[in-house]
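> 2 is the number of the first residue of the sequence shown in my numbering; add one for each residue after it.
No residue lacks a Cβ here, since even glycine has one placed at the ideal position from N, Cα and C.
Sharing a structure, written as structure tokens. Questions coming.
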Amino acid sequence: MMQAIRTLERAIDRLEQDVEGLAAAPVPSSGLPAGALPGIDAAAARAALRSLDSLITELKGQDVKERAGG
């Protein structure tokens, strides 16, 4: 279970870095300023990442309980 959790954490870290990179990059020839990501709901993306972080924390807690009880 811990291996799966670590894999999820790495994937989330990469996603966060990708989103930050996209948000910082100017949008070529669109006239949009840096940080304007057409078609991406930034608030929803952040909420989804927070939800995944919470899930990982919960899974870690369950894994610790299972190891202690097992």
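Following the continuous alpha helix (DSSP H) through residue 41, name the residue where it begins and the one where it ends.
No alpha helix (DSSP H) contains residue 41, which DSSP labels as neither H nor E.
> Is it true that the CB of residue 42 sits closer than 8 Å to the CB of residue 13?
Contact: no.
> Tell me which residues share the same chain as residue 46 and place their Cβ nearer than 7 Å to its Cβ, disregarding the 5 neighbours each side in the sequence.
Excluding residues within five positions, the ones whose Cβ falls inside 7 Å are 20.
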